[in-house]
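Chains A and B supply the protein sequences, listed in that same order. To convert, note that position 328 of the first sequence is 328 in this note's numbering; the numbers rise steadily by one, no gaps. To convert, note that position 80 of the second sequence is 80 in this note's numbering; the numbers rise steadily by one, no gaps. Reviewing the structure listed below.
There are 2 protein chains.
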Amino acid sequence: MFAGSANRSARVTIREVAHHAGVSVSTASKALNGNGRMTEDTRERILKAASELQFRPNAMARGLLKQRSFTVGLLTNDTYGRFTLPVASGISEALVDEGVSVFLCPVLDNDPRRAQVNVEAMQDKCVDALIVSGRRADARLPIDLASLTMPIIHVYSECGPNEIGFFVDEVQGARLAVEHLYASGRTRVAHVTGPDSFDVVAKRIAGWREASRAHDRDPFLQPLTGAWTEAWGFAAAERLFANGVPSAGRPDAVFCGNDQIARGLADALALRGIKVPEDVAIVGFDNWEIFADAVRPPLTTIDMNLVELGRQAGQTLLELIEGRPVAPGHRYLPCRLIQRRSCGAGRDMS
Amino acid sequence: MFAGSANRSARVTIREVAHHAGVSVSTASKALNGNGRMTEDTRERILKAASELQFRPNAMARGLLKQRSFTVGLLTNDTYGRFTLPVASGISEALVDEGVSVFLCPVLDNDPRRAQVNVEAMQDKCVDALIVSGRRADARLPIDLASLTMPIIHVYSECGPNEIGFFVDEVQGARLAVEHLYASGRTRVAHVTGPDSFDVVAKRIAGWREASRAHDRDPFLQPLTGAWTEAWGFAAAERLFANGVPSAGRPDAVFCGNDQIARGLADALALRGIKVPEDVAIVGFDNWEIFADAVRPPLTTIDMNLVELGRQAGQTLLELIEGRPVAPGHRYLPCRLIQRRSCGAGRDMS
DNA sequence: ATGGTTTGGGAAATCGTTTTCTCACCTGTG
DNA sequence: CACAGGTGAGAAAACGATTTCCCAAACCAT
């Protein structure tokens with residue numbers, strides 16, 4: 001044993017591997033990367049030494065040379081984690097096997113200074129790329145991204161047509177929901193949704209209209225816009241099912257802009273003695289399971305496939321990092337329908 | 001033109017700053033770090049050059065030399081983000097001004113291989129420390145941490161007495177809730193909570209008992225353990241307020257193990273025509289606002305101060321990284337009461 | 001003037017890898 | 001035997017910063 005070899009706190013370097021295998025550092029490096037020319041015997045000896053010593057290359061040293069850090073930054077202002085965490089999970093899934101890690105940078109809307117500090121830290125650390133994500137798809141973060149040179153991808157966050165953005169296909173999701181209601185035999189499908197200042201509200205309304213027209217029907221009533229809350233769903237039920245409204249003028253199904261609205265609406269119906277799904281079917285949006293499962297009966301809803309969204313964003317990020325050309329523009333990923341019981345269990349399942 | 005292929009302009013290095021200021025690299029470095037000796041004039045010239053060129057030191061180069069990466073890893077299996085996101089936010093707050101960034105490593109319980117890959121990536125990247133966080137405070141992540149040499153802090157995740165862990169003071173939180181109920185004039189405080197396989201359930205029960213005894217009362221009934229769901233809260237109401245139970249045998253207040261249970265219970269009471277807070281007061285636990293605000297009436301509940309928990313963990317992490325001695329052991333941070341209306345608004349506010 | 005001390009600033013080593021040269025040696029061919 | 005071409009492996013130069021020397025010049029006191 002050599003002096004100093006007992007120092008277990010220090011990391012094992014390639015130098016020690018080389019010495020252990022009786023070769024030079026350069027040869028060791030080539031063997032470990034499968035690069036240079038050498039006898040099979042030498043290569044095996046080096047590999048064996050490396051695994052015996054549990055050698056792991058220092059990412060900083062490698063990064064310094066390759067001008068790559070094998071890290072990406074994820075900026076988000078979504079403190080609830082409703083959107084960000086599934087997305088981050090998908091991103092991480094796509095990247096971790098390539099040895100790329102994700103920096104989480106929580107950005108508070110009211111603290112642009114800290115946000116800027118975060119961005120600068122990302123620059124200093126030479127992140128290979130940046131992901132910008134948000135709580136709502138039609139707003140930007142309080143950050144100046146124009147001066148950055150690294151590739152940037154937006155996920156559920158506003159971006160221009162020459163940038164790269166991944167979004168949920170809100171229109172298709174809404175169509176899916178409404179088509180499911182028609183397919184279940186409903187004929188009067190109302191729509192209760194969030195504030196009309198949100199782009200997604202307009203898109204979901206559009207999807208609802210398209211699907212209604214596809215069934216040769218005018219959309220039932222006007223869409224009711226309000227807030228993303230249970231309270232609004234509850235209040236909307238009052239409007240749709242007030243005592244004065246004749247039963248033929250009432251919807252027999254409601255497509256809700258999110259699961260919270262659906263929940264509030266379902267509660268109000270229960271209080272009125274209107275049965276779900278017998279009298280009225282409900283479809284929500286989000287598949288936020290903690291809500292969808294708590295509705296009585298459990299809520300059929302639209303899942304936005306956020307994990308998949310993150311995964312695809314991660315894959316595109318890899319291509320960008322490796323310098324392969326990626327066409328700019330927006331990508332819209334399809335939603336899927338999650339059937340529970342608020343539309344009648346199995347009613348339309350062959 | 002493809003997105004991302006933008007001018008990957010080379011970074012400004014200290015060499016260019018030095019050249020610009022007409023000094024050597026070493027002098028430039030010293031000026032920028034306030035270290036060496038030189039005329040005030042020289043120092044200012046260098047600083048001016050640096051800011052003109054917008055020089056930012058390369059964190060990888062610095063890290064390589066200092067054997068520090070100015071990053072920490074955050075491992076978590078909390079896919080909902082209920083706990084992790086506030087904690088991460090607090091950690092980031094404490095660290096960002098020190099130039100330390102946070103790697104987010106989502107760990108799926110059913111995918112220990114990916115978890116291990118994540119940990120190895122943290123090692124390769126020489127993170128200065130690791131934070132291990134979880135969905136529940138009495139379980140470990142499917143990761144082998146024993147072989148790691150960097151400092152580790154646990155936040156809301158099981159750890160031994162010789163490790164460093166930050167936890168919520170569940171007992172104090174429960175006491176706070178129950179004391180508030182007594183202070184509001186209630187006398188029969190029941191407790192409905194989650195599965196008794198959770199340590200926090202036992203702790204919250206203990207707090208409930210302590211506070212009851214402090215008011216010279218035996219705890220009212222046995223604690224009802226079940227699930228962390230609204231459905232269980234709903235069902236528990238049936239048990240506590242069944243038709244056969246004489247009104248003197250019914251609780252006039254319920255302390256619930258979390259906000260979801262509280263919500264289910266409140267719903268069930270509403271259906272039975274029992275008024276909150278007039279007939280029965282309710283206190284929840286978690287202050288998960290999306291639930292607490294949706295309860296009718298809005299829920300008085302216990303906030304676990306998770307952001308603060310993260311911030312303190314972050315500060316301790318810094319001390320650990322800088323080599324200052326930190327006593328091992330568990331820290332328990334106090335909860336605070338958030339008053340809404342489910343105990344009677346302002347009833348006990350001076 | 002001389003010797004010692006401070007002062008300003010630069011040269012060079014270092015961190016751990018990768019990569020490009022370079023070079024000695026071997027093999028086969030004329 | 002000479003020479004081209006291939007083969008295996010090492011030396012050294014990067015990458016960008018920090019830090020430890022080290023050395024002139026300037027300054028001071030005798």
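Every residue gets a Cβ at the ideal spot worked out from N, C-alpha and C, and that includes glycine.
Under the Cβ distance rule, B/D196 does not count among the residues neighbouring chain A, no pair being separated by less than 8 Å.
With three or more CB-CB distances shorter than 8 Å, the segment 204-220 of chain B counts as touching the segment 178-196 of chain B. For A/T301, no chain B residue has a C-beta closer than 7 Å to its own C-beta; the minimum C-beta separation is roughly 16 Å. Rounded to whole angstroms, the separation of the alpha carbons of B/C335 and B/D286 is 9 Å. Taking the Cβ atoms as the reference, A/G90 lies roughly 4 Å from A/V307, within the contact range of under 8 Å. The DSSP-derived three-state label of B/D111 is coil. Every alpha helix (DSSP H) stretch that sits fully inside the segment 30-86 of chain B and reaches 4 residues is listed by chain position as 40-52, 59-66. Pairing B/P112 with A/R188, the inter-Cα distance amounts to about 49 Å. No Cβ of chain A is located within less than 8 Å of the beta carbon of B/Q312.
Counted as a single uninterrupted DSSP element, the alpha helix (DSSP H) harbouring B/H180 occupies residues 170-183. For B/S101, same chain residues with a beta-carbon under 6 Å away, outside a window of 5 residues either side, are T71 in chain order.
Within the segment 185-216 of chain A, no residue has its Cβ closer than 7 Å to any Cβ of chain B.
Interface annotation for the segment 45-64 of chain B against chain A: R56, P57, N58, A59, M60, A61, G63, L64, criterion Cβ-Cβ distance under 7 Å. When the beta-carbon positions are compared, B/L141 and B/G134 come within less than 8 Å of each other.
The CB of A/K125 comes closer than 8 Å to the CB of A59, M60, F70, T71, S101 in chain B, given here in chain order. For secondary structure counted as the beta strand (DSSP E) over 3 or more consecutive residues, the segment 246-289 of chain B holds these complete runs in sequence order: 253-256, 281-286.
Within its own chain, the residues whose Cβ lies closer than 7 Å to the Cβ of A/A49, once the five positions on either side in sequence are excluded, are V17, H20, A21, listed in chain order. Cβ neighbours of B/E238 within its own chain (closer than 8 Å, five residues either side excluded): A268. The contact set of A/R140 on chain B, defined by CB atoms closer than 8 Å, is empty, because the minimum CB distance reaches about 17 Å.
Among the CB atoms of chain B, none fall inside 8 Å of the CB of A/S24.
When the alpha-carbon of B/F255 is set against those of B/L53, B/A248, B/A174, B/P161, the nearest one is in B/A174. By the CB criterion at 8 Å, B/G81 and B/C105 fall outside the cutoff.
Below the 7 Å Cβ cutoff, chain B contributes A88, S89, S92 as neighbours of A/P106, in chain order. Residue contact check for A/V96 against chain B: a CB pair falls below 8 Å.
When Cβ-Cβ separations below 8 Å define contact, A/Y332 makes no contact with chain B.
Against B/A227, chain A offers no close residue; the least beta-carbon distance is about 11 Å (beta-carbon pairs closer than 8 Å).
Of the candidates A/W232, A/L53, A/R217, A/W232 places its Cα closest to the Cα of A/L224. When rounded, the separation of the alpha-carbon atoms in A/Q67 and B/N58 is 10 Å. Taken through DSSP and simplified to helix, strand or coil, B/A146 comes out as coil.
DSSP places B/D218 in no beta strand (DSSP E); its state is neither H nor E.
At a cut-off of 8 Å between beta-carbon atoms, A/E120 makes contact with chain B. Any Cβ of chain A closer than 8 Å to the Cβ of B/G273 would place that residue at the interface, and such an atom is absent.
DSSP places B/F103 in no alpha helix (DSSP H) but in the uninterrupted beta strand (DSSP E) bounded by 101-106.
The straight-line gap separating the alpha-carbon atoms of B/K30 and A/L317 is approximately 38 Å. In this structure, A/I274 and A/T300 do not form a Cβ contact; the two beta carbons are roughly 17 Å apart against a cut-off of 8 Å. Counting other Cβ atoms within 10 Å of its Cβ, A/P246 stays below 16 and is therefore classed as exposed.
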